[in-house]
Amino acid sequence: MRDDFLKMMNSPISSLKWRRLALWALVSMAGFSVGGCAWLDKNVVEKVKNINRRTLTVITDPPGADLFVNDVFQGKTPVSITYKAGVKDMWSGFVVVVQKKGYLPIRRKVSYQKKSLNFRLIRIRRGKRRRGFRPPGPR
Numbered sequence: 018m019r020d021d022f023l024k025m026m027n028s029p030i031s032s033l034k035w036r037r038l039a040l041w042a043l044v045s046m047a048g049f050s051v052g053g054c055a056w057l058d059k060n061v062v063e064k065v066k067n068i069n070r071r072t073l074t075v076i077t078d079p080p081g082a083d084l085f086v087n088d089v090f091q092g093k094t095p096v097s098i099t100y101k102a103g104v105k106d107m108w109s110g111f112v113v114v115v116q117k118k119g120y121l122p123i124r125r126k127v128s129y130q131k132k133s134l135n136f137r138l139i140r141i142r143r144g145k146r147r148r149g150f151r152p153p154g155p156r
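Be aware that the sequence shown starts at 18, since it is given in the working numbering, and climbs by one per residue.
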């Protein structure tokens, strides 16, 4: 049976059939790969390109506070910043500091997945000193 198969494979007619089959397979694979690349490029590559591009929106009450991200001034709130997250940012996050004159500064470690932050700043109270008042203790 093996000899019959080998004779069939070496005959000129079957050789022509195998060549046609191989050519058809090659052409269909080439067509599929071109169409497949277009789908891959459109749906997957765009998502992969923007995987590390993030937008962070920071809003404070009251507005007008200075915003620092990793000790770099980013602007006055409310602000929306777009940044590329590096491996370090993805692993450990980053530090956001919000400060305004007359208010307590806020420092917070934030995950890179956070999309918006809201801060309510606390006003520093300045105590009024009464005249004639002496604190207790030795004189």
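By construction, the Cβ of each residue, glycine as well, lies at the ideal position given by its N, Cα and C atoms.
None of the values given here were measured: they were computed from a predicted structure.
Under a three-way DSSP split, which group does residue i fall into?
{"i": "residue 125", "result": "strand"}
{"i": "residue 142", "result": "coil"}
{"i": "residue 131", "result": "coil"}
{"i": "residue 101", "result": "strand"}
{"i": "residue 117", "result": "coil"}
Would you mind sorting residue i into buried or exposed? The rule is 16 or more other CB atoms within 10 Å of its CB.
{"i": "residue 40", "result": "exposed"}
{"i": "residue 138", "result": "buried"}
{"i": "residue 82", "result": "buried"}
{"i": "residue 115", "result": "buried"}
{"i": "residue 118", "result": "exposed"}
{"i": "residue 90", "result": "exposed"}
{"i": "residue 73", "result": "buried"}
{"i": "residue 77", "result": "buried"}
{"i": "residue 43", "result": "exposed"}
{"i": "residue 84", "result": "buried"}
Could you tell me the alpha carbon to alpha carbon distance between residue i and residue j, rounded to whole angstroms?
{"i": "residue 69", "j": "residue 113", "result": "18 Å"}
{"i": "residue 97", "j": "residue 75", "result": "6 Å"}
{"i": "residue 86", "j": "residue 124", "result": "10 Å"}
{"i": "residue 100", "j": "residue 135", "result": "19 Å"}
{"i": "residue 45", "j": "residue 34", "result": "16 Å"}
{"i": "residue 93", "j": "residue 80", "result": "8 Å"}
{"i": "residue 122", "j": "residue 110", "result": "20 Å"}
{"i": "residue 107", "j": "residue 95", "result": "24 Å"}
{"i": "residue 140", "j": "residue 120", "result": "4 Å"}
{"i": "residue 71", "j": "residue 126", "result": "16 Å"}
Say the cut is 8 Å; is the CB of residue i nearer than that to a heavy atom of the ligand COA?
{"i": "residue 120", "result": "The ligand COA is absent from the structure shown, which contains no ligand whatsoever."}
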